[in-house]
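The next block holds one structure in the form of structure tokens; read it before the comments.
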Amino acid sequence: MANLEDEWQEDDTVVPVNRNQSSNSQSYHRRSYGAPSSYPRDETNWRRREYGNNRNPPQDNDNKKVLSVPTQKVGRIIGKGGSKIRELKLESNADIKVGDSSGIETDITLSGSDQAITTAQDMIEKLIEDPNTKKGNNYGSANSGTESGQFFKVNNEGVQVVDWDKLNAFHDKVQKERWDNLPPIIKDFYEEDPKVRNMSKAEVSDWRRTNHDVQVKRTFEDRPDLRPIPNPVLTFEQAFKKYPEILAEIYKQGFKQPSPIQSQAWPILLRGDDLIGIAQTGTGKTLAFLLPALIHIEGQTIPREEREGPSVLILAPTRELAIQIHKEVSKYQYKDIKSVCIYGGGDRKEQIKVVAKGVDIVIATPGRLNDLVLARHLNIINFSYIVLDEADRMLDMGFEPQIRKSLFDVRPDRQTVMTSATWPPGVRRLAESYMKDPIQVNVGSLDLAAVHTVTQKLMFVEEEEKENYLLSFLFNMNDNDKVIIFCGKKAIATHITTELCLKGIECQSLHGDREQSDREAALNEMVDGTVNILVATDVASRGIDIQDLTHVVNFDFPRHIEEYVHRVGRTGRAGKTGIALSFITKNDWAHAGDLIKILEEANQEVPSELEAMAKRFEAMKLRRGDRDRGGGSYSRGGGGSRGRRY
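The UniProt record's numbering puts the sequence shown at residues 1 to 646.
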């Protein structure tokens, strides 16, 4: 029973084990591709055992019943941290105890009134029921044992081995039958405006060049049988003339014209293609995938109230970004489409309750999504439009296994959208796995670049001087200025917040050690202007949209240069300007070379101190014979003059 409270992986390819069966028992059989089986069909994949033939009969007149459950499914009953078994006890009024495992099966003892035991038994039966058996999947069919014998062959040495070709072919056949039983997905809702259709190649090329150098291409292979890449739309009407309710919602938000990513993404998504959108923060990526999602939901053949689950899944790397997307979705009222935001740290029971009532859009972090899917609170098989937002950040945070786990059982003919600020190999690998003939839209260079509407300033200081320079900066702020101060560690963020409060400077803090409710309150106070200063770690570096944010201060320079770009991108959004001030110490010399490239790309002045720092770091690597390693501590020399601002 070790580690059963952790996440588990179900393994459907276990060799059946012979078991003596009592007269009043149902037999539990595991499927096997390995050897023929004469076991009868098992519809529920679990076995009840009354105490009549039990080796441990109850004492006196106790009301007890023992269920023998497949050991691999006990995790569903326990839940993460014991959450599910507590819920079962509470709802059934029965006492539920998990016994020792016998290997194949584990005894679950139910105690209480007859009604309580019956309720608990029904709940457990539903919880561990195999959906594939329920759907009539061939894996659980009566003749699967006979078919499994076909997956062996005798090799040249006379040894019986698995015939992988036959096994894979059988798997493909079963999967095809499974997906063919689902209703088709309607994807193409696009009616091209005549003005858009009649744009010449020169006009399209000129528009893309003058709108932040938009680049559009097939990511992997441009085959002759694929449709041409559509021209960009130049107005909201050209994209949504068939959807006046959508246009009305857009105008409510005060938008005048589409952003470059929206102009090119909407025709691609509305006609049903997969899309990879690569653009910096603040360029309108959320609205680019959201409005086509609303039309996709309403355009399916099966009425929404008759669908078995939500249609749209939006995966985000952090709680803050998930909440931000949910707020954006809530701004657009279309056909009474409902959404829910599920994330760790939020009220799990309330999230489950909202999902149970029926929703169309699920915005989730990978961890909580897997939690609800494994606990059978969320059916993902009907997701037909999936968005991986800020995919590069999700991979940076180590979510790739959870993403793959989430998408394992989603239908393969779905429409998939991926957004990213960068295009590293990991994101490309994810796109190859889960996207079909995607069209890639790059706004600006693929090289790492900061938002051009932000003025980047550097101050070269000693570590112990940073607090004094920060206080000087804050005391000279204007009343209408808003600033985020980024710190490298949660403890430093807490320390800075405390020091500012002691000096009478009102501020809020946002980092991982704070309760989710406190984090939301801090962000709301910053958004509504209750406070103008937010001290934060990198949980605030992406996906958070604070209107009229004028300054970003990097109190600690980030450990990865990509985070510098995302921090800076919190200001200068939606065409406005901003200022980013970074304190640079000797310990930051490993980033000097990359920072020079970012400043040059943004046509900003490169301080001589930064150039000297980069040269010293390269010289140190040469001395160590370590050209390929990108880090180290500053041994001597330094960052030039102190306290100078550029």
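Where is the CB? At the ideal position from N, CA and C, for every residue including glycine.
Start-to-end residues for the alpha helix (DSSP H) that takes in residue i
| i | result |
| --- | --- |
| Y469 | 466-475 |
| D165 | 164-180 |
| S92 | 83-92 |
| G277 | Note, G277: premise wrong, no alpha helix (DSSP H); beta strand (DSSP E) at 275-278. |
| I579 | It is not in any alpha helix (DSSP H) - I579 instead sits in the beta strand (DSSP E) that spans 578-584. |
| L247 | 244-252 |
| G75 | 74-78 |
| Y190 | Run containing Y190: none; DSSP gives neither H nor E here. |
| L269 | 260-270 |
| E611 | 608-624 |
| P425 | 425-434 |
| N231 | Run containing N231: none; DSSP gives neither H nor E here. |
| E463 | No alpha helix (DSSP H) holds E463; DSSP gives it neither H nor E. |
| W207 | 201-210 |
| D213 | Careful: D213 lies outside any alpha helix (DSSP H) and carries neither H nor E. |
| T119 | 114-128 |
Exposed unless 16 or more other CB atoms sit within 10 angstroms - verdict on residue i
| i | result |
| --- | --- |
| Q508 | buried |
| G284 | buried |
| residue 647 | What the structure shows of the chain is the stretch from 1 to 646, and residue 647 is not part of that stretch, so it cannot be assessed. |
| W423 | buried |
| H296 | buried |
| residue 660 | Since the displayed the chain opens at 1 and closes at 646, residue 660 lies outside it and no answer follows. |
| V454 | buried |
| R41 | Low local confidence applies: a pLDDT of 40 at R41 is under 50, so the model's placement there is unreliable, and no value is given. |
| R623 | exposed |
| Q456 | buried |
| S541 | buried |
| V535 | buried |
| L90 | exposed |
| A592 | buried |
| R404 | exposed |
| A169 | exposed |
| A514 | Reading off the sequence, residue 514 comes out as Arg, not Ala. Counting Cβ neighbours within 10 Å, R514 comes out buried, since at least 16 surround it. |
| I302 | exposed |
| G358 | exposed |
| C341 | buried |
| G578 | buried |
| Q351 | buried |
| L291 | buried |
| Q72 | buried |
| H171 | exposed |
| S406 | buried |
Bridge partners - residue i, DSSP secondary structure assignment
| i | result |
| --- | --- |
| R218 | I439 |
| C341 | I363 |
| D336 | In the DSSP output, where bridge partners are listed per residue, D336 has none listed. |
| Y385 | V312, Q415 |
| F486 | A536, N554 |
| K97 | T109 |
| V161 | K153 |
| S420 | I278 |
Nearest-angstrom Cβ-Cβ length linking residue i and residue j, presumed shorter than 8 Å
| i | j | result |
| --- | --- | --- |
| E390 | P317 | 5 Å |
| G272 | D206 | Contact doesn't hold; Cβ gap of about 28 Å is too wide. |
| I361 | S339 | 4 Å |
| C501 | T537 | Not really, about 18 Å apart at Cβ, beyond 8 Å. |
| L315 | V410 | Not really, about 11 Å apart at Cβ, beyond 8 Å. |
| T106 | G99 | 6 Å |
| V312 | Y385 | 5 Å |
| I337 | I363 | Going by Cβ atoms, the distance from I337 to I363 rounds to 13 Å, so no, they are not a contact pair. |
| K466 | F583 | 5 Å |
| V159 | F152 | 10 Å between Cβ atoms; not a contact. |
| E506 | V531 | 5 Å |
Residue i - containing beta strand (DSSP E), residue span
| i | result |
| --- | --- |
| Q456 | 454-460 |
| L291 | Run containing L291: none in the beta strand (DSSP E); it sits in the alpha helix (DSSP H), 285-298. |
| N554 | 551-554 |
| L378 | First-last for L378: undefined, no H or E at that position. |
| G508 | The question names Gly, but residue 508 in the sequence shown is Gln. 508-510 is the span of the beta strand (DSSP E), which, as asked, contains Q508. |
| S68 | 64-70 |
| V154 | 152-154 |
| I108 | 105-111 |
Any chain D beta carbon closer than 8 Å to residue i
| i | result |
| --- | --- |
| S472 | This model lacks chain D altogether; it includes just one protein chain. |
Three or more C-beta pairs closer than 8 Å, one from the region 555-564 and one from the region 581-595: is that the case here?
The region 555-564 makes contact with the region 581-595: 3 or more CB pairs, one atom from each, lie closer than 8 Å.
Contact between the region 225-235 and the region 256-265 is defined here as three or more beta-carbon pairs at a separation below 8 Å; is this criterion met?
Three or more beta-carbon pairs drawn from the region 225-235 and the region 256-265 are found closer than 8 Å, and the two stretches are therefore classed as touching.
Cβ contact (3+ pairs, closer than 8 Å) linking the region 462-472 and the region 298-312
Taking a cut-off of 8 Å for Cβ pairs, the region 462-472 and the region 298-312 do not touch, as fewer than three such pairs fall below it.
Would you check if the region 184-193 and the region 235-253 touch, i.e. whether three or more CB-CB distances between them fall below 8 Å?
Contact holds: three or more Cβ-Cβ distances are below 8 Å.
Within 8 Å, do at least three Cβ pairs link the region 329-339 to the region 373-380?
The region 373-380 is not in contact with the region 329-339.
Three-pair Cβ contact test at 8 Å for the region 123-130 versus the region 63-81:
Taking a cut-off of 8 Å on C-beta distances, the region 123-130 touches the region 63-81, as three or more cross pairs fall below it.
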